[in-house]
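>
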Amino acid sequence: MIMKRLDRLNTQLLKEYSEGIFFINCEGDIMFSNEAAFKLTGNEHKEKSQQLTALIHTSKQQQAQELFQRALQGEKVQFSTTINHNTKKNFIWILLSFLLS
Numbered sequence: 121m122i123m124k125r126l127d128r129l130n131t132q133l134l135k136e137y138s139e140g141i142f143f144i145n146c147e148g149d150i151m152f153s154n155e156a157a158f159k160l161t162g163n164e165h166k167e168k169s170q171q172l173t174a175l176i177h178t179s180k181q182q183q184a185q186e187l188f189q190r191a192l193q194g195e196k197v198q199f200s201t202t203i204n205h206n207t208k209k210n211f212i213w214i215l216l217s218f219l220l221s
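Here it is as C-alpha cells:
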C-alpha cells in the first residue's frame, strides 16, 4: 500500500517537474514523458514505440544513437543537441543525459 502511494507521488512529481523528462527503455523507446517534455517537442509521446532519437534533428541522430549505446554499456553520457518541435516547425537546443537505473 505504501509503495503504491510512493509510486503515485513520484509519478506526480515527475509530471510537474519544470524540465523535460523522458524515460526510455533499452531500445530507445519513450515510455514516459512529462508535460515539460511535451512543451519542448510539441508531441505527447503517447505511442510507446516512438524512439527518442526520432525527435532529434536528423543531422544529430547518429551521434545520439552512438551515445545512447555507450550509456547502455554503463557510461554516464551528456550532450547538447537540437530537437524538432512538432507544431512550431523549428528547432530547440537541449541538453540530454542518458543515465541507467
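Reading the sequence shown from the start, the letters are residues 121 to 221 in this note's numbering. We put the CB at the ideal spot given by N, CA and C, even for glycine.
#1: From C146, I141, T173, pick the residue whose C-alpha is nearest to that of F158; which is it?
#2: Where does the unbroken alpha helix (DSSP H) through Q193 begin, and where does it stop?
#3: For the alpha helix (DSSP H) containing T161, name the first residue and the last one.
#4: Based on Cα-Cα distance, which residue from L134, Y137, Q132, C146 lies nearest to L192?
#5: Rank E155, Q189, K196, I150 by C-alpha distance to the C-alpha of K135 and give the top, closest one.
The short version:
#1: What you label residue 158 is simply residue 38 of the sequence shown in a count that begins at 1. For the residues C146, I141, T173, the minimum Cα distance to F158 belongs to I141.
#2: Position 73 of the sequence shown, counted from the first residue, corresponds to residue 193. It is not in any alpha helix (DSSP H) - Q193 carries neither H nor E in the DSSP assignment.
#3: Working through the sequence shown from its first residue, we reach residue 161 at position 41. 155-161 is the span of the alpha helix (DSSP H), which, as asked, contains T161.
#4: In the sequence shown, residue 192 corresponds to position 72, counting from 1. Taking L192 as reference, the option from L134, Y137, Q132, C146 with the minimal CA-CA separation is C146.
#5: Taking the sequence shown and counting its residues from 1, the one referred to as residue 135 is at position 15. If we check each option's Cα against that of K135, E155 comes out closest.
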